[in-house]
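Quick notes on the structure that follows.
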Amino acid sequence: MVRRQPFARAAISAALCTSAANAFVAPSGAAKLQQGLSTSATRTPPSAVHMVMTPPEKIVEPGSGRVKPTKDPYNPQFRSAADFGVAYPSSTKEYQEVIHEETGTLLRVPFRRIHLTDPDPGCSHIDVYDTSGPLGYDPKYGLPKLREAWVKRREERGDERFTQMHYAKRGIITEEMAYVAAREGMDAEFVRSEVARGRAIIPSNRYHTELEPMIIGRMFKVKINSNIGNSDVVSSIEEEVEKLSWSTLWGADTLMDLSTGRHIKQTREWILRNAPIPVGTVPVYQALERVGGVAEDLTWEVFREVLIEQAEQGVDYFTIHAGVLLPFVPHTADRLTGIVSRGGSIHAKWNIAHHKENFAYEHWEEILDICAKYDVSLSIGDGLRPGSIRDANDFAQFAELKIQGDLTKRAWAKDVQVMNEGPGHVPLHKIPENMRNQLDWCHEAPFYTLGPLTTDIAPGYDHITSAIGAANIGAMGCAMLCYVTPKEHLGLPNKEDVKQGLMAYRIASHAADLAKGHPNAQVWDDALSKARFEFRWEDQFNLALDPPTARAYHDANLPGEGAKTAHFCSMCGPKFCSMKITEDVREYAREHGYGIEAAIAAGMAEMGELYKEQGQQLYSKDFVARDNTGLEDSIDSRR
């Protein structure tokens, strides 16, 4: 098959990777690599735009003025999404420069630098992981082809296979491995060994050259997947590309295009050409569309055709529900909610209608050959996952998980990268069993879960019910978390729903990274806590996951500029702020030459004398009225 050429560019940007003999060569070891992050980065000083407060009302609000259905799928009318500087005031996009030793290629690895007003030495900024992609590109022309030269070199060599696992097993550190090592602050050899063992994957289709490589594995940062996609009812190409941009801006590590409506192929093409992160699909959705939506009419030939088409476009990973076997389907009959996976239900219906085994399972070796050719990773779907708390950890769910383990080993034999999908709806006390079984039965391949949702009673808030489970299973070793939006079970999410889901899951994934002791995870927390204790409000806003929202909540009650330097907020006011009181104790100690404990004792004695002088009254009569600006409003709001 001749690969279809991607959209032509009107202009080619400056190359992002070139040979440079005199560039920085990353030393081995996580500590040295991290040192390189701060010493060899391309330092872009903060502009006036970055340092000036951006009013929250100027943020482009999602969902305002819904995009009309796409008229011409080859010439969409894209809108501009909120830009980097608006979302992250006082941040700049930076690049660490690392040399790939085997080829001499200069790799420019992105990160975000948050500039601070902290006067202490070495505290002028912190650097954090960034997924926003190259800035300032028109969606009509797509992103720069970062990996084009890397892939071309392998094709010219006539390599037998193109998968990252193929190279890793042979001791080769690819450009992608060196790139993700720098992003993670890890040693490149460690990255290679984890990929070779199957404990980590680098989803990177050879034809998705716009990709900024990332890694999924339990020894690395917990990653987040964002789901987008149109339906027969709503959305358009323009809106889905906008959701992609919104997802990467707010921290999505991968993205799945789950489109089931019009222009599926064209929607996916526009997404891929504008995606700096891996893109996954569920190919059976498009296969079903090709047979008129009738599951019984599906054939292996139609499914295979879709796999090749999507691989040619550059899809980085396929979710295939090959573990939904005919003998397992009857065990879902007694469930409260039956089969809730769309892909799982399609395969189950086909199995029953034909009384044959799942065609994806029967043709697994052929699927592996396609994936090996293009380096498409496999996300082995959990088509029998529980859709309610009552159905969690039942026979059908775990029977499929065991089959996933068998399919994983067969994939590894052909150097195909694999991760395993997990539930679903699982109460807290049943989550550990899921993680233990997956590690055991699936041979430590990366686990990728939808939440899990820990209760069923909160429609409209399932981004919270699922983030609770996500933080738990992430801390236990789950490698990637599929976000859930507030619209889960209710409707197709818009941009604001996407952001809310991502915020919930960035909290969950970071909490898991802290629990796992990932390098530098706590640095961010410590920086924000220090800013909070020192009442550096601007730094608090800018260090937040969502700076505009943090600022807006503060300014709702204390909007004046003077409040940005005040040593209290509207919660406690000036008299009851615990951090202000602690600050006063420290100042008292410095003034009187005491240690902290001695200062507290002296202060207690002093206040005891004042207590006696006031006639043993706990508060002086004019306490509330004196110097109490902001406190009365806070008290009134609680009455």
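Residues 84 to 722 (my numbering) are what the sequence shown spells out, left to right. In this text, a Cβ means the ideal position worked out from N, Cα and C, and glycines have one as well.
{"query": "Contact set for proline 217: own chain, Cβ-Cβ below 7 Å, skip 5 residues either direction", "result": "Leu226, Pro227 and Pro359"}
{"query": "Local Cβ density within 10 Å of glycine 600, reported as buried at 16 or more and exposed below that", "result": "exposed"}
{"query": "DSSP beta-bridge partners of proline 193", "result": "Tyr178"}
{"query": "Exposure of proline 413, with buried meaning 16 or more beta-carbon neighbours within 10 Å", "result": "exposed"}
{"query": "Three-way DSSP call (helix, strand, coil) for tyrosine 400 in this model", "result": "strand"}
{"query": "Glycine 168 (DSSP reduced to helix, strand or coil)", "result": "helix"}
{"query": "Collapsed DSSP secondary structure at tyrosine 250 in the structure displayed", "result": "helix"}
{"query": "For aspartate 221, the nearest candidate out of Glu516, Glu185 and Asn158 (CA to CA)", "result": "Asn158"}
{"query": "Per DSSP, cross-strand counterpart(s) of isoleucine 284", "result": "Ile299"}
{"query": "Touching by the beta-carbon criterion (3+ pairs, under 8 Å), the segment 331–349 and the segment 305–323", "result": "yes"}
{"query": "Paired residues, beta bridge with serine 462 - DSSP", "result": "Thr402 and Met502"}
{"query": "Chain-order list of residues whose beta-carbon lies under 6 Å from that of leucine 390 (same chain, five-residue window excluded)", "result": "Pro366 and Ile453"}
{"query": "Proximity of threonine 537 and proline 510 at Cβ, strictly below 7 Å", "result": "yes"}
{"query": "Glycine 464 to glutamine 480 span [Cα, whole Å]", "result": "11 Å"}
{"query": "Burial state of asparagine 441 (16 or more Cβ within 10 Å)", "result": "buried"}
{"query": "Sub-7 Å separation of asparagine 503 and alanine 528 beta-carbons", "result": "yes"}
{"query": "Helix, strand or coil at arginine 309 [DSSP, three-state]", "result": "Rather than arginine, the amino acid found at residue 309 in this sequence is serine. Of the three classes helix, strand and coil, the one that applies to serine 309 here is strand, per DSSP."}
{"query": "Distance CB(phenylalanine 624)-CB(alanine 635) smaller than 7 Å", "result": "no"}
{"query": "CB of proline 631 within 7 Å of CB of glycine 268, strictly", "result": "no"}
{"query": "At least three beta-carbon pairs within less than 8 Å, the segment 163–177 to the segment 364–380", "result": "no"}
{"query": "Beta-carbon proximity of tyrosine 457 to alanine 405, cut-off 7 Å", "result": "no"}
{"query": "Segment contact flag, the segment 316–323 with the segment 236–250, C-beta cutoff 8 Å, min 3 pairs", "result": "no"}
{"query": "Chain B contact for valine 181 (CB, 7 Å cutoff)", "result": "Within the model displayed, chain B is absent; a lone protein chain is all it includes."}
{"query": "The segment 606–626 touching the segment 320–332, judged by at least three CB pairs closer than 8 Å", "result": "no"}
{"query": "Buried versus exposed, by CB contacts within 10 Å (16 or more), histidine 438", "result": "exposed"}
{"query": "Extent of the continuous alpha helix (DSSP H) run through cysteine 44", "result": "Nothing can be reported for residue 44, as the shown portion of the chain is limited to 84 through 722."}
{"query": "Of the listed residues Pro202, Ser215 and Pro204, nearest to valine 803 (C-alpha basis)", "result": "The chain is shown from 84 up to 722; residue 803 falls before or after that span and cannot be answered."}
{"query": "Straight-line gap, lysine 141 to glycine 219 (C-alpha atoms, nearest Å)", "result": "At lysine 141, the pLDDT of 42 sits below 50, so the modelled position is not reliable; the number obtained from the coordinates is stated separately. So the two alpha carbons sit approximately 18 Å from each other."}
{"query": "Endpoints, the alpha helix (DSSP H) within which leucine 332 is located", "result": "320–332"}
{"query": "Own chain, CB closer than 6 Å to cysteine 561, minus 5 neighbours either side, in chain order", "result": "Phe530 and Thr532"}
{"query": "Separation of tryptophan 495 from isoleucine 472, as counted between CA atoms", "result": "33 Å"}
{"query": "7 Å Cβ shell around leucine 408 - same chain, five flanking residues per side excluded", "result": "Glu440, Asn441, Tyr444 and Ile486"}
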